[in-house]
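K.L.:
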Amino acid sequence: MKSIYVLVDTDNDYTTGYSSLGTGIGAEKMVEIKGVHGIITLRVVKDWTGTDVNDWAWSEGVAIDAAASGSELELEVPNGKYWIHIISWNGDQDSSTDFDLNNDEGRYVNSGSNCFFYYRMNSNSLADSCSSTAAGGSLSKVGGAVYDGSIGYIDGGVDMQGSDDYLTGSSSGIDITADWSFETWFNTDVSNDGAIFFIGDNDGTFLNQKELSIGLGTR
Numbered sequence: 029m030k031s032i033y034v035l036v037d038t039d040n041d042y043t044t045g046y047s048s049l050g051t052g053i054g055a056e057k058m059v060e061i062k063g064v065h066g067i068i069t070l071r072v073v074k075d076w077t078g079t080d081v082n083d084w085a086w087s088e089g090v091a092i093d094a095a096a097s098g099s100e101l102e103l104e105v106p107n108g109k110y111w112i113h114i115i116s117w118n119g120d121q122d123s124s125t126d127f128d129l130n131n132d133e134g135r136y137v138n139s140g141s142n143c144f145f146y147y148r149m150n151s152n153s154l155a156d157s158c159s160s161t162a163a164g165g166s167l168s169k170v171g172g173a174v175y176d177g178s179i180g181y182i183d184g185g186v187d188m189q190g191s192d193d194y195l196t197g198s199s200s201g202i203d204i205t206a207d208w209s210f211e212t213w214f215n216t217d218v219s220n221d222g223a224i225f226f227i228g229d230n231d232g233t234f235l236n237q238k239e240l241s242i243g244l245g246t247r
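Residue numbers (my numbering): 29 to 247.
This is how it looks when you write it as structure tokens:
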């Protein structure tokens, strides 16, 4: 890596900032990253100071956070619409197309009217994140279950270290008659026993109860 330029259109107006040929943005800000042998030597965000959209004129810049590891780069950028231009150590150049920030507050987005019981575990509220239904309400922690903001696959999660630790919720107003899918992420220390997902009255009786349990077990 030699130089990376991230042009940022903060007001979505290509007439109010620098506009390179072939792009549809007018950048009021630019993030400039320079480095050698995987080490970042410059990391700043600059303001456009030109008067014409073709003017390549920028302020001295203010330092930002950035880090590189192998082929990966993480950096701090203002919110807006983006265009990236990269110059390698041997002079080769490459550019992206214009793109917007994809912010869905998590890896998976809810599916609207057919979304039920969607818990992202990214806060201790454990609330149903389905925007149209939210029929599941908030889950309650039972036993020694505790929320931990750092153990989840993407964000937080619930730590269950003992026996009879689980999350529970109740809803009687849902009648699903079509096909449905279930997805979860979990990390186990012991994987020979335990329920991951359970629908039932939790009375301890399982035979002929018309209940559903998805879990771990040994054979």
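All C-beta atoms, glycine included, are put in the ideal place defined by N, C-alpha and C.
#1: Check the C-beta distance from Ile32 over to Lys109 and give it rounded, since I have them as a contact under 8 Å.
#2: Sorry if obvious, but does the Cβ on Ile242 come closer than 7 Å to a heavy atom of the ligand HEM?
#3: Can you tell which of Val64, Glu211, Val34 has the C-alpha that lies nearest to the C-alpha of Thr51?
#4: Between the Cα of Trp208 and the Cα atoms of Leu244, Leu154, Phe144, Ile242, which residue gives the shortest distance?
#5: Tell me the residue span of the beta strand (DSSP E) that contains Gly245.
#6: Between Gly222 and the rest of its own chain, which residues show a CB-CB distance below 6 Å, the 5 nearest in sequence each way excluded?
#7: Exposed or buried, what is Trp76 when buried is set at 16 or more other beta-carbons lying within 10 Å of its beta-carbon?
#8: For Ser141, does the three-state DSSP call read helix, strand or coil?
#9: Looking at Asn107: is its Cβ nearer than 8 Å to the Cβ of Thr38?
#10: If you draw a straight line from the alpha carbon of Gly165 to that of Phe214, how long is it in whole angstroms?
#11: How about Leu240 and Leu195: are their beta carbons less than 8 Å apart?
#12: Cα-Cα, which of Val59, Lys30, Asp80, Ile67 is closest to Thr14?
#13: Alpha carbon to alpha carbon, what distance is there between Ile115 and Tyr146?
P.N.:
A quick look at the data gives this:
#1: 17 Å between Cβ atoms; not a contact.
#2: For the ligand HEM, the structure offers nothing, since it holds no ligand at all.
#3: Val34
#4: Phe144
#5: 240 to 245
#6: Gly243, Leu244
#7: buried
#8: helix
#9: yes
#10: 21 Å
#11: no
#12: Shown here, the chain extends from 29 to 247; a query on residue 14 therefore has no answer.
#13: 43 Å
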